Each structure stands twice: as C-alpha cells, then as structure tokens.
Amino acid sequence: MPAVSIAIMLPRELVEEVLQAARRRGGSFSELFVEERTSTSIRLDDGKVEELTSGLDRGAGVRVALGTSYGYAYSNRLDRDSLLQAAEAASAALQEGEPGAVVDLTVREGRGVNRTDRPADRFPAADKVAWLRELDDAARGLSPEVVQVVGMYGDSLQKRLIATSDGRWIEEDRPRIRLVTQVVAARDGTIQTGFFGPAACAGVELFDRFSAKAIGEKAAQRAVTMLDSVPAPAGEMAVVLAPGMGGVLFHEAVGHPLEADAVDKEASVYRGLVGTKCASEVVDGVDDATIPNGWGSYDFDDEGEPSQRTVLFENGVLQSFLYDRLRADKDGVGSTGNGRRESYAAPPIPRMTNTNILDGPERADAIIEGTDGGVFVTSLGGGQVNPASGDFVFGCSEAFKIEGGKVTTPVRGANLIGRAIQVMSAVDAVADDFDTWEGVCGKDGQQAPVGSGSPTLRISRITVGGTGA
Amino acid sequence: MPDLGDLCRVAVEAGEAGEAVEAYAEESRRTEAKALRGEVEGLEFSESRGVGVRVIREARLGYAWAADPDADDIREIVRRARENSALAASDEHNVLPEPAPWRPIPELFREASAAVATEEKTRLALGLEARAISRDPRVTKIDEAQVSDAVSRVAIASTNGVEAEYQRTDAWCLAVTLAVEGDETQTGFSYRIARGLDELDWEAVADEAVERGARMLGAAKPETARVPVVLDQFAAMSFLGVLAGGLSADAVQKGRSLFAELVGERVGSELFTLVDDGTNVEGPGAAPFDDEGVPSGRTELFTKGALNGFLHNAYTAHKGGTVSTGNGKRGYRSPPSVGTSNFYLDAGATSRDELLQRAEGGVLIQDVSGVHSGANPISGEFSVGATGLRISGGALGEPLREMTIASTLPEMLKAITGVGDDLRFFSSVGTPSVLIGEMTLAGV
C-alpha cells in the first residue's frame with residue numbers, strides 16, 4: 001500500500017481521453033484532479049496511546065464548467081472505465097452542445113513553497129508517540145492543577161495531479177503536520193480548559209517553531225490561568241487582540257464575505273465596495289498562499305492556478321476579492337489562486353489561504369498602557385459570521401480585563417459580537433509583533449487548513465457579551 | 470467490484486492467532502443538485518467506498534483504513550493495523566462486541582428513491598429556488614438551493630462472529646434565502662431530511678427559508694432584560710448537540726462531562742425527557758445495528774428531568790460494567806467512538822401557539838451562533854449570540870439581533886416550563902420548540 005507517483009498511475013493519454021470525454025457536451029473547460037493521501041494520526045489520552053491510525057485515501061474528481069455552472073463526479077477508482085464514467089456523469093450537467101477541445105498538456109513547475117528536508121513520513125511511529133509523551137509530561141509538569149491532557153498528532157502527505165483541457169498539467173505534493181493539545185485544569189470544583197495546536201505545511205520543521213514541550217506548556221498555562229477567571233464584563237468597550245487573534249477575527253468576519261462566491265450571490269456586505277474605505281486606515285490586510293511552509297500555503301491552488309499574495313486592504317481601502325476560476329471568468333478578472341477543495345471528493349470553491357493583518361507602527365505594551373478599560377483577548381475559541389449581513393460572534397477561550405492600562409484578572413465566557421465593517425473601522429492601533437494561528441475552516445461541508453495572522457491590535461469599541469458586571 | 474461483505478471477510482481471515490480483528494466497510498452513491506438564478510448551478514455525483522480495520526492484540530488497539538481497497542490492500546491494512554497496535558497502550562477494555570441478533574429494517578431502503586433519475590433531482594432543485602424567490606417581494610434571490618440524496622450500504626464482520634450488513638436511502642434539501650430591504654440583507658435558512666426523495670417536503674423548505682429571512686429585516690438590538698424565551702426547533706437543536714457530548718459514557722469516564730455524578734438526580738424540569746432511539750423508524754438516524762454491529766436500542770437518558778444513564782459503545786460498556794446501548798458510531802476512517810442515533814427531546818403536549826402566548830413580552834430565538842465555541846461542555850456554562858423576534862400578543866413582532874444569552878446548561882434545563890408538540894428531526898437530532906421561563910438576554 002505504499003504511496004505511488006500519480007503520474008506513473010495515470011499515463012498522459014488516459015488523462016487526455018478523460019478530459020476529452022468530459023467535454024463531450026462542450027463547456028468552457030474540463031479538469032481532472034487526482035489525489036493520493038497517506039496519513040498517520042495518534043491520540044494520547046490520559047497518558048495512554050489510545051489510537052494509532054494509518055490511512056490511505058485515493059480518488060479522482062472530474063469537473064466540467066460552463067460559466068459558473070458545473071458538473072462534478074468523483075470515484076475512488078483510478079482505472080480507465082471508472083474515470084471515463086466520472087467524465088460522462090460530470091458532463092451530464094451541461095445542456096447538449098458541441099464537443100470541446102483539449103489543448104496539449106504542458107507541465108508547470110512550482111516554486112516549492114512547502115519544501116521540507118525532514119518529511120514526517122521518514123520518522124517511525126515510535127518517534128511520534130514520543131513527541132506526544134513529551135507534550136503530556138510538559139503539560140502535567142506545569143502545575144498540579146492540570147488533571148487531564150489529550151494530545152493529537154497528525155501528519156499527511158497529499159500527492160496531487162491537476163490536468164485541464166486548456167493545457168495545465170501540475171503535480172504538487174503537500175506535506176502537513178500538526179500537534180494539538182487540550183488540557184483541563186481543576187481547582188475546588190472549578191474546571192477550565194486550555195487549547196493550543198500549531199501546524200505547518202512542512203515536515204518536522206514545525207518543532208523548530210514550537211517544541212512538543214512548549215505546546216504542552218502553553219495549553220496547560222491557559223487552563224491554569226483561567227482557573228482564576230471571573231465572569232466576563234458585558235457591554236461596549238475597547239478590546240485588544242493578542243498577536244494572531246486579530247487574524248482569526250479578520251478571517252471570519254472579513255475574509256468570508258470577500259470570497260467571490262459570496263459576492264457573486266450578492267450575499268456579501270463588501271459587494272461593490274472595492275476601492276472604497278471599509279476599514280480603519282491603520283488596517284493593511286492580505287491573503288498570502290506564498291508564505292514558505294504556511295499552513296494554508298501552496299504552489300498551485302486546487303484548479304492549477306499559481307498561488308499569489310493578494311492585497312485585500314491598503315490603508316483601510318478594499319482592494320480585491322478572493323477568486324476561484326469560475327467567479328474570476330465571470331467577472332473578467334484573473335483568478336487570485338484561491339480555488340481550494342478538501343479532497344478529490346469535492347469541487348473547488350473560493351477559500352482563504354493565510355489571511356493576515358500586517359504589522360503597524362505601534363508597540364504592543366504601549367497599546368495596552370493606552371487603554372483605560374476593556375478586555376485583552378489572548379485566545380479565541382472559534383466564531384461564526386453571516387457574510388450577507390456581516391454579523392459575527394466569537395467566543396474567547398482566554399481573555400483578561402484591562403484596567404487603567406494594565407492587564408489584570410482573567411475573564412471567562414466572553415463573546416465578541418459585531419458587524420464586519422463597523423468593527424474593522426473601529427481598529428485604532430496596530431502593533432509590530434505579527435504572529436500566526438493555524439486552524440481548520442469549514443465551508444459548504446469542506447474543511448480547509450488556513451493560517452490567520454496579525455500583530456497586537458485594538459478595537460476602540462466592540463460589543464462584549466458576558467455574564468459579569 | 471468486490472462485495473463489501475466479502476472484503477470484510479478477507480480481513481477477518483487475515484487475523485492471526487491471539488488477535489481480534491474487525492472490518493467495517495461502507496459504500497455510497499450520492500447526488501447533489503444545486504440551483505441558482507434559474508439554472509443548474511452544480512450537479513455532483515460520487516461513488517465512494519472504504520474499509521477500516523481494528524486489530525486488538527494483547528489488549529492493544531491498532532487501526533488502519535483505505536479507500537476502495539482490493540483483497541490484497543485489505544491484507545495490507547490488517548498488517549498495518551497490527552503494526553500500529555504494538556505502539557498503543559494495553560487496555561483490557563479494548564474488546565469487540567459479541568454477535569447478537571439484529572432485526573432488519575426494510576423501510577430504511579426506498580427502492581423508489583434509489584431509482585429517481587438525475588433530471589428529476591435537478592428539476593426539484595430548480596423548483597426549490599423558483600418557489601423561494603416568488604413568495605415575498607423582498608426575497609428575490611437565494612444563497613443556496615440544494616437537493617441531495619444518497620444510497621448507502623454498510624457491512625461489518627469480526628473474528629468474534631459478527632456479520633451484519635444493511636442498505637439505506639436518504640434524501641435532504643436545504644435553502645438559504647436572501648431577504649433585502651434598502652441596505653440591509655438578512656439570510657433565512659431551512660432544511661429537511663427524509664427517507665427518500667419522494668417523501669421530501671421541499672415546498673415547506675422554500676416557504677420556511679423565505680419566512681425566516683424576511684421576518685428578520687429591520688432587526689435591532691434589544692435592551693438587556695430577563696424575559697421568557699421560546700427556543701424554536703433550530704435554536705434548540707444547537708443546544709442538543711452540546712448535551713449529546715456530555716451524555717457520552719466516554720466523556721463521563723474521562724471526567725469530561727458535567728453529568729458524570731448526576732445519575733439518579735433531577736437535573737432538568739419535569740418536562741424534560743430526552744431519548745436516543747436507533748429503532749425509531751420515524752427518525753433519520755434509524756439503523757438495524759450500530760457501527761460495531763450491536764443491535765440498535767432505545768435509551769431514555771432523562772425521564773421527567775431525572776438523569777438515568779449514558780450512551781455506550783462496546784468499549785465504554787466494558788469499562789463501565791454494563792452493556793452497549795448500540796451507540797458505537799464511526800466512518801471507515803476511524804475506530805468507533807460514542808455517538809447518537811435518533812437523539813431527541815420528547816415532544817410535549819403544548820402547541821407552539823400556546824408556548825408563544827405563555828411567553829408574552831419575551832423573545833422567540835430562531836438562531837444561536839457560537840454554541841460550540843461559546844459553551845463549555847465540562848462546566849456547562851455558555852454565552853452565545855442569538856437572533857430572534859419579540860413576542861407580543863401571542864404573535865411574533867419586532868426582529869432582534871446582536872444579543873447574547875448566557876446561562877449554564879443545568880440552569881436552562883431546570884427553567885424549561887413548556888415543551889411543544891412540534892418535534893422535528895434535523896439529521897439525527899430532533900427537538901420541538903421549548904419554552905424557558907426566564908433567561909437573561911443581553912442586547913449590548
């Protein structure tokens with residue numbers, strides 16, 4: 001069951017035949033996406049290795065598009081009959097039309113943005129178990145109040161081939177690695193949790209940034225800190241977001257409405273606002289898939305478009321939406337390389353990659369000192385946004401009061417609630433201490449690894465929903 | 470294509486002396502049709518299958534899986550799972566269930582639905598959109614209109630002698646409308662699931678998505694107050710998801726459930742009876758057996774507010790000295806965990822209209838957001854964003870948004886003063902409308 005090079009599995013003539021069959025009723029283009037993914041996941045719970053799982057996923061999806069309409073079919077089987085059957089099924093979405101052509105397939109090389117010298121699949125499973133043990137020891141060693149530690153290790157290698165009727169032939173490997181932990185701390189019947197889970201599109205280089213020990217300690221520190229928490233205040237107030245957290249908010253509240261499918265369906269608050277000031281002038285934001293080994297990075301997106309750095313906001317002025325191929329063709333612009341899919345089992349849709357607010361001129365400590373009262377958020381638990389109205393809500397898993405320019409008592413149960421444009425317009429200070437946060441974003445039932453980044457920043461007024469005074 | 474049951478038997482035969490081997494295989498054929506602006510926006514087909522293998526050796530569990538394996542791949546998966554078991558912790562509760570007779574449920578497979586032509590599915594999706602944009606002058610476009618169905622098959626075999634196999638059909642549709650007035654846009658969501666496409670009430674989905682979007686236009690922030698709250702089925706469902714997590718024996722045994730020490734105690738109001746019932750054919754989660762081959766059962770988790778027990782799979786049952794409730798759940802990519810079958814709040818006798826009358830001056834919550842991030846499954850504390858409508862004169866009035874509700878799950882369950890007679894399933898989770906005597910709504 002070893003991983004095989006996809007090009008060896010699928011000869012060029014067969015790929016051309018499938019692309020041709022998919023265009024039997026025409027359409028603007030056809031595309032074949034083939035994938036093989038090997039993965040290892042290990043779960044350590046209560047100090048014991050509970051699960052150690054090896055996976056081999058394999059499949060191919062055929063898409064044929066006409067305007068923004070498409071037909072898509074996939075199969076786990078990669079033999080000629082199955083692929084031609086998928087092509088036939090996908091083409092059934094189109095009305096009867098003249099067959100379309102397939103241009104000579106030309107290999108395109110990537111820059112190797114996710115190159116790794118230490119791929120995870122070269123390490124024995126025993127090493128991976130040892131990293132989890134190191135994490136577990138570190139979390140428990142931090143405090144006697146740590147009562148539970150769950151650690152999850154995962155790595156995968158996705159080999160992809162993308163070929164299109166307009167001549168693209170792209171092969172790209174994506175190595176992924178992630179070490180996640182959830183720690184529970186308890187004191188006198190009070191229970192709090194702490195989470196941390198850095199990730200990279202890389203090999204074990206991930207641990208150069210955060211050792212397994214550091215990951216365990218950070219989550220444990222969060223859980224223990226929150227034991228001292230009091231109910232969060234409620235009301236409108238200033239909120240300072242720690243490095244990375246502004247990126248999470250930017251991703252949810254701003255990024256999703258900037259995805260071109262939301263814009264096309266008139267379900268975006270930013271529709272028609274390119275070139276307009278939609279955020280405070282201290283906000284510069286980008287979506288950048290070219291960051292080396294970034295969790296959301298790649299050479300080519302999942303429709304074979306080269307990745308790029310797309311400026312979204314410059315001095316608060318909206319610059320661009322995030323495009324896939326279908327929506328870009330419709331708007332007569334170039335794709336921004338944001339067509340992504342979870343796997344062969346789903347067609348690509350516009351998605352973010354690494355979405356970042358860039359460094360500003362201020363210093364983080366000066367921002368805190370200049371804040372009379374409010375909340376300092378160091379970890380967001382996740383959020384939801386309605387792209388049409390821009391309404392969003394975020395849970396804060398670690399936050400503190402700011403009183404008289406100082407970070408004081410930890411608070412629990414805080415929610416940030418607001419609307420995208422108003423909140424981004426209320427950003428009044430951006431520091432120079434950029435950092436990232438890695439997560440998994442869900443949309444239309446598809447999961448995508450995404451990076452979010454920002455320096456420390458302050459929102460002068462936002463609604464905090466809490467249960468305290 | 471090799472038969473699913475045959476593939477499972479290949480795995481079982483590859484087992485070595487002294488080890489227990491189980492194979493779980495599933496295959497499905499799915500179609501999804503989406504309409505937009507009067508055209509087929511997308512048509513997706515899939516044919517997928519996969520097999521996952523558990524090997525238990527010296528009480529150590531190893532797992533491996535592959536998409537569309539042949540017999541040789543299966544033997545390789547067994548070898549990998551065996552290799553993985555060597556690194557796992559020894560745990561005497563790693564056991565495979567003993568075989569038990571299960572009763573086939575032929576109603577789960579509707580031949581008529583499996584045979585529906587693709588053109589009919591696209592016609593339904595187009596009809597769904599057309600209806601949604603013609604009911605209200607403020608709703609002239611949609612974000613999504615989708616009609617989907619699946620024909621699936623599951624097979625399980627183990628060295629303990631479990632041999633189980635069944636097939637099912639499912640169909641579902643959803644609509645997300647956009648209601649526009651001036652600069653304001655609100656979205657309205659609706660969803661229904663049925664055993665087959667022929668039973669799918671797509672017209673009701675269109676109408677409901679229109680109503681839920683249009684009535685939110687002009688929404689404003691309320692003043693903070695303690696008021697009666699009616700959770701509609703959509704909002705109540707979000708909370709049931711969090712409850713389900715706390716009622717898994719796995720969470721209890723690991724000290725991750727707020728209900729761990731409360732068996733036998735009155736946790737909720739008299740009106741709160743919560744059931745998991747995989748044998749209830751009315752629910753979408755019905756199946757003859759769970760994903761370990763254990764016959765489905767009915768478990769009353771709460772009776773009139775009192776907690777009776779938890780949901781078990783084979784592992785948690787062995788650990789807890791009890792029997793599996795038939796709640797081993799999984800896909801082929803992972804070993805079984807504990808999950809729900811048809812998990813629902815038992816319907817009450819009160820009509821929705823009467824609940825609204827009893828909540829005079831209160832608020833109907835139609836959506837809550839951030840439950841998963843905003844609710845602590847261990848402490849039960851939550852603070853979530855909400856949208857809804859003011860209740861006045863027994864009817865729905867002014868739309869409200871940018872508000873939060875904060876409480877704890879036990880407090881909320883105790884405060885239930887009315888349960889509607891309008892039980893509705895969303896996927897395998899079902900709930901009627903629920904009246905909460907009083908809650909703090911923070912409109913800040």
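Protein chains in written order, with this note's numbering: chain W, 1 to 469; chain U, 470 to 913.
Using N, Cα and C, we set each Cβ at its ideal position, and we do this for glycine too.
If you're wondering where the values come from, they're calculated on a predicted model, not measured in any experiment.
Roughly how many angstroms lie between the CA atoms of GLU88 of chain W and ALA21 of chain W, to the nearest whole one? The alpha-carbon separation between GLU88 of chain W and ALA21 of chain W amounts to approximately 7 Å.
Cα separation between ARG140 of chain W and ARG133 of chain W? Roughly 11 Å between the two C-alpha positions.
Using a Cβ-Cβ cut-off of less than 7 Å, give me the residues of the region 639-652 of chain U that come near chain W, in sequence order. LEU647
If you count every other CB in all the chains shown that lies within 10 Å of the CB of GLY404 of chain W, and 16 or more means buried, which is it? exposed
Within the 8 Å Cβ cut-off, does VAL129 of chain W reach chain U? Look at VAL129 of chain W: its C-beta is under 8 Å from a C-beta on chain U.
Got a sec: is the Cβ-Cβ distance from CYS477 of chain U to anything in chain W below 8 Å? no
Tell me, which residues are paired with GLN447 of chain W by DSSP? W:GLY442
Kindly indicate which three-state DSSP category LYS883 of chain U falls into: helix, strand or coil? For LYS883 of chain U, the secondary structure class from DSSP, reduced to helix, strand or coil, is helix.
Give the secondary structure of ARG470 of chain W by DSSP, where H, G and I count as helix, E and B as strand, and everything else as coil. No answer is possible for residue 470 of chain W: it lies beyond the span of chain W, which begins at 1 and ends at 469.
Under 7 Å Cβ-Cβ, which residues of chain W neighbour GLU508 of chain U? SER69
Which partner residues of VAL608 of chain U appear in the DSSP bridge assignment? U:ALA648
For ASN553 of chain U, which of helix, strand or coil comes out of DSSP? Here ASN553 of chain U sits in helix by DSSP.
Anticipated Cβ contact below 8 Å, ARG695 of chain U with VAL674 of chain U, distance rounded: Actually they do not touch by this definition, with Cβ atoms about 35 Å apart.
Please go through the region 783-822 of chain U and give each complete alpha helix (DSSP H) segment of 4 or more residues, from N-terminal end onward. 783-789
What does the alpha-carbon distance come out to for the pair GLY484 of chain U and GLU491 of chain U? 9 Å
In angstroms, rounded to a whole number, what distance separates the CA positions of ALA644 of chain U and LEU505 of chain U? ALA644 of chain U and LEU505 of chain U: Cα-Cα distance of roughly 11 Å.
Three-state class that DSSP yields for GLN20 of chain W in the structure shown: DSSP, reduced to helix, strand and coil, places GLN20 of chain W within a helical segment of the structure shown.
8 Å is my cut-off, CB to CB: does THR53 of chain W come that close to chain U? yes
GLY474 of chain U versus U:GLY762, U:ALA816 and U:ILE874, residue with shortest Cα-Cα distance: The alpha carbon of GLY474 of chain U has as its nearest neighbour, out of U:GLY762, U:ALA816 and U:ILE874, the alpha carbon of U:GLY762.
Among W:PHE394, W:PHE376 and W:SER454, which residue has its Cα nearest to the Cα of SER460 of chain W? W:PHE376
Hey, quick one: how far does the beta strand (DSSP E) through ILE662 of chain U stretch, first residue to last? Under the DSSP assignment, ILE662 of chain U falls in the beta strand (DSSP E) whose first and last residues are 653-663.
What is the rounded straight-line gap between the Cα of MET908 of chain U and the Cα of THR873 of chain U? 10 Å
First through last residue of the alpha helix (DSSP H) which encompasses LYS723 of chain U: For LYS723 of chain U, there is no enclosing alpha helix (DSSP H), as DSSP marks it with neither H nor E.
Per DSSP, which one or two residues make a beta bridge with THR181 of chain W? Paired residue(s): W:GLY151 and W:PHE196.
Counting only beta-carbon separations shorter than 8 Å, does ILE191 of chain W have a partner in chain U? yes
Cβ shell of VAL564 of chain U (< 8 Å), same chain only, five flanking positions each side left out: ALA489, ILE525, ALA783, TYR784 and HIS787
For ALA87 of chain W, decide whether its Cβ has a neighbour in chain U, counting only Cβ atoms nearer than 8 Å. no
Own chain partners of ALA775 of chain U with C-beta closer than 6 Å, once the 5 adjacent residues on each side are dropped: Excluding the 5 residues flanking it on each side, ALA775 of chain U has same chain C-beta neighbours closer than 6 Å at ARG735, in chain order.
Of the residues that make up the region 619-634 of chain U, which ones have a beta carbon closer than 8 Å to any beta carbon in chain W? none
Quick check: what's the CA-CA separation for GLN447 of chain W versus ALA581 of chain U? 33 Å
If the cut is a Cβ gap below 9 Å, which residues of chain W does ILE602 of chain U touch? What ILE602 of chain U touches in chain W: nothing, since even the nearest Cβ is about 12 Å away.
What residue does the alpha helix (DSSP H) around ALA489 of chain U start on, and which one ends it? No alpha helix (DSSP H) contains ALA489 of chain U, which is instead part of the beta strand (DSSP E) from 488-505.
Within 8 Å of any Cβ in chain U, is that where the Cβ of TYR323 of chain W sits? no
Under the rule that 16 or more other beta-carbon atoms within 10 Å means buried, what is GLN422 of chain W, buried or exposed? Burial is judged here by how many other beta carbons sit within 10 angstroms of a residue's own beta carbon; GLN422 of chain W has fewer than 16 and is exposed.
Mind checking whether the beta-carbon of ASN629 of chain U lies closer than 7 Å to any heavy atom of the ligand SAM? The model on display carries no ligand, and the ligand SAM is accordingly not part of it.
Proximity to ALA844 of chain U [Cα-Cα], best of W:CYS396, W:ASP359 and W:ALA364: W:CYS396
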